[in-house]
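Structure first, then comments.
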Amino acid sequence: MTHELNLKTIPNRITDAGVIRAFVVELFYGWGYNAYKTENQLRADDELVRNEISGLLCQARKILAERETAFRREYLPPPTRDKPIADPESIKTVQEIVRKQHIIEALETAVRSAESPLDDRMIARHRDLDRMLAQLLEADLRLAEASVSLLLSLNSDATAAPLDQNAVTLVEQSLAKRRDILSILCPPEIGVRSSILPFQ
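Numbering (my numbering) for the sequence shown: -10 to 189.
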């Protein structure tokens, strides 16, 4: 089953950016992302974008779930008298698909529950807001870019196609970068809260 991600022709707003980065920038604008132009919109933009990024990961997980169901139907039917034991190779393939689902599900949960800045005027007075927002914007761009790459890596009929490990690593690194940005400029005990959004 092939799942297509339609990439329309769009202006490239980032010098020398690749097609995925350009596409991600367009997604940001479509999601209502305004590059954190004002501090009053910081939390709203941050939660909105993380919700949409986790939606991309959810799509990737659903592709694998559908692939697992189709594979089980074709290669792992109920046992019969003639064939009471399932094919070991088919079992390994299903286990690998399930393992990939767990990886993506963990990333999806991490994105949804990632820290976001607390909207507090007293704390904001002591922050380097321009620097923090620029860093947070870049971290979120990289996070979205990695999520799109991960989704595209599954856009084939190959049941055993490997996950884009570089994309998985980049998602993890981008989440770690977000934590560093917020912990350095806004200590967790006074200025960071964990925001867990409901699954769609």
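Beta carbons are placed, not taken as given, at the ideal position from N, Cα and C, and that holds for glycine. Since we're looking at a predicted model, the values are computed, not measured.
Subject >> Three-pair Cβ contact test at 8 Å for the stretch 30 to 49 versus the stretch 57 to 69 >> reply: Not touching, per the Cβ criterion.
Subject >> S102 in three-state terms, based on DSSP >> reply: Note: S102 maps to coil in three-state DSSP.
Original post:
Cβ atoms of I92 and L152: under 8 Å apart, would you say?
Top reply: Contact: yes.
Subject >> Secondary structure of R70, DSSP reduced to three states >> reply: Looking at R70 - three-state DSSP - the assignment turns out to be coil, as it is neither helix nor strand.
Original post:
The alpha helix (DSSP H) with L65 in it runs from where to where?
Top reply: Counting along the chain, L65 falls outside any alpha helix (DSSP H), and DSSP gives it neither H nor E.
Original post:
According to DSSP, is P77 helix, strand or coil?
Top reply: Of the three classes helix, strand and coil, the one that applies to P77 here is helix, per DSSP.
**OP:** Kindly indicate which three-state DSSP category L141 falls into: helix, strand or coil?
**Re:** Reduced to three states, the DSSP call for L141 is helix.
Original post:
Measuring CA to CA, which of R167, I86, L140 is closest to L122?
Top reply: The candidate whose alpha carbon is nearest that of L122 is R167.
Original post:
Between the C-alpha atoms of I42 and V100, what's the straight-line distance to the nearest angstrom?
Top reply: About 7 Å.
Original post:
Just how far apart, CA to CA, sit L96 and A33?
Top reply: L96 and A33: Cα-Cα distance of roughly 21 Å.
Original post:
Do the CB positions of D35 and S105 come within less than 8 Å of each other?
Top reply: Yes, the Cβ-Cβ distance between D35 and S105 is below 8 Å.
**OP:** Since I believe V137 is in contact with F12 (beta carbons under 8 Å), could you give me their beta-carbon distance rounded to a whole number of angstroms?
**Re:** Right, their Cβ atoms sit about 6 Å apart.
Original post:
Per DSSP, what kind of secondary structure is I170 in: helix, strand or coil?
Top reply: DSSP places I170 in helix when its eight states are reduced to three.
Subject >> Whole-number beta carbon distance between L159 and A197, since they are thought to touch under 8 Å >> reply: In this structure the chain extends from -10 to 189, so residue 197 is not present and cannot be described.
Subject >> Extent of the continuous alpha helix (DSSP H) to which G7 belongs >> reply: That residue, G7, is in no alpha helix (DSSP H); it is neither H nor E in DSSP.
Original post:
So, is E78 buried or exposed, given that buried needs 16 or more other C-beta atoms within 10 angstroms?
Top reply: Under this definition E78 is an exposed residue.
Subject >> Distance, A75 Cα to T69 Cα >> reply: Distance from the CA atom of T69 to the CA atom of A75, rounded to whole angstroms, is 10 Å.
Original post:
Whole-angstrom Cβ separation of L53 and Q90, contact assumed at under 8 Å?
Top reply: Confirmed, about 5 Å.
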